Amino acid sequence: VTTLYYVSPACFVFLLVPFVFIESRMFASGAEEVNLNPMVLGSNAMLAFGLNMAVYLLIGKTSALRMNVAGVIKDWMLILISSVMFDAPISSIQLLGYLLAFLAVCYYNYQKYLERVAVEASKLNDRDAS
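Using my numbering, read the sequence shown as starting at 841 and increasing by one per residue.
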């Protein structure tokens with residue numbers, strides 16, 4: 841939750857800059873293309889809040905590493921589904937890139953696991969020596 845206090849203002853500032861240069865003139869002129877339907881805005885806000893809560897709960901119950909692996913798997917599913925839906929080809933170099941990304945995340949997870957096991961073993965050794 842503490843991170844949210846720092847991330848939210850940073851997101852606001854970084855999103856405000858493109859808003860000022862790209863969309864503010866449309867809002868100021870009252871253009872008809874701007875859709876301010878409260879139902880659309882409300883449902884979008886509820887979905888974004890639900891996504892943030894799901895990420896928060898997942899990281900709280902597991903770890904950020906597991907969230908990273910889940911993100912890679914989510915990307916794979918998104919690419920596969922969009923490739924099937926839109927009949928877009930996936931090149932072998934793209935598959936290789938995602939495989940390398942997945943293997944890198946798995947290697948990182950394994951190294952973190954070994955580090956955690958070593959810390960727990962040293963704590964047990966220190967407790968037994970006392």
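Glycine included, every Cβ here is placed at the ideal spot set by N, Cα and C.
Being a predicted model, the structure only gives us computed values, none of them experimental.
Please state whether DSSP places residue i in a helix, a strand or coil.
i      : result
SER891 : Reading off the sequence shown, one finds Leu at residue 891, where the question assumed Ser. Here LEU891 sits in helix by DSSP.
SER962 : helix
ILE921 : helix
ASP927 : coil
ASN949 : helix
THR902 : coil
LEU876 : coil
Specify, as a first and last residue, the run of the alpha helix (DSSP H) that residue i falls within.
i      : result
SER864 : 864–869
Would you call the CB atoms of residue i and residue j closer than 7 Å?
i      : j      : result
VAL912 : PHE942 : yes
ILE930 : SER922 : no
LEU891 : ASN949 : no
MET907 : LEU898 : yes
Pull up the CB-CB distance for residue i and residue j, whole angstroms please, since I reckon it's below 8 Å.
i      : j      : result
VAL909 : VAL945 : 6 Å
TRP916 : TYR947 : Contact flag wrong, Cβ pair sits at about 17 Å.
Measuring from the CB of residue i, is there a heavy atom of the ligand ZN at a distance below 6 Å?
i      : result
MET907 : The ligand ZN is not among the ligands present in this structure, which contains no ligands whatsoever.
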